[in-house]
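Novice:
Chains as they are written, first to last, in the numbering used here: chain A, -18 to 96; chain B, 2 to 114.
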């Protein structure tokens, strides 16, 4: 069966420090991968998605970047964190031709607090 | 521009009664719609979905209704149970292989014993 691992679960970082969140998927090949963020009191906002190694699409302009160095590895990064980067970050995967009966599957998320 | 909206931030119902969660969307190109359930400090889990060619899909206590002319969908939970207390997100997806979903803001459901 497929599993998705996301770490760390919680993170407290000072403003201006770098960030690296990692996500890996097991049990499937060539998945679509996604990073979402849930800010306090808000819904889930799509940040990045990837349909293959090295292919990254950004949905919103921001202080963050994403990379996919391997088929089942997705990394969210920042060179200098801002206070507004605080939130709950979720990695997700889907099969390449996702549809209503093959939805996104989420990891357990990382709670990031920028102080 | 928010393409998927859940206008009720919270809902409280009594155990055994029906819970109705609503969602509106603006983009008529969406191909399918989904509901996710989320507990605190966890990722959302898939609950039920519906293709845009249908108007109803049922799975046990959960039924999703789609009204394309009104660009509106709803999730019915009957009977509601205390374990259903969570945040519910509706989401919409379109054609293509990106698989990306657009989520609403979420509705917090509280089912009282």
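Heads up, the beta-carbon is just placed ideally off N, CA and C, and yes, glycines get one too.
For residue 23 of chain A, does the count of other Cβ atoms within 10 angstroms reach 16, so buried, or fall short, so exposed?
Specialist: exposed
Novice: Check each candidate in B:86, B:87, B:105 and B:84 and name the one with the smallest Cα separation from residue 93 of chain B.
Specialist: Ranking the options by Cα distance to residue 93 of chain B, first place goes to B:105.
Novice: Answer yes or no: does any C-beta atom of chain A fall closer than 9 angstroms to that of residue 101 of chain B?
Specialist: yes
Novice: For residue 48 of chain B versus residue 37 of chain B, is the C-beta spacing smaller than 9 angstroms?
Specialist: Yes, these two residues count as a Cβ contact at 9 angstroms.
Novice: What residues in the region 16 to 39 of chain A have a beta carbon less than 7 angstroms from any beta carbon of chain B?
Specialist: From the region 16 to 39 of chain A, only 23, 24, 25, 27, 30 and 32 have a Cβ closer than 7 angstroms to chain B.
Novice: Given that a residue counts as buried once 16 or more other Cβ atoms are within 10 Å of its Cβ, and exposed if not, what is residue 115 of chain B?
Specialist: No answer is possible for residue 115 of chain B: the residues shown for chain B start at 2 and end at 114.
Novice: Just confirm the distance between the C-beta atoms of residue 88 of chain A and residue 69 of chain A, as a whole number of angstroms; I'd bet it's less than 8 angstroms.
Specialist: Incorrect: roughly 11 angstroms between the Cβ atoms, too far for contact.
Novice: Given that residue 88 of chain A touches chain B, what residues does it touch there, using C-beta distances under 8 angstroms?
Specialist: 44
Novice: Among B:73, B:81 and B:58, which has the Cα closest to the Cα of residue 31 of chain B?
Specialist: B:73
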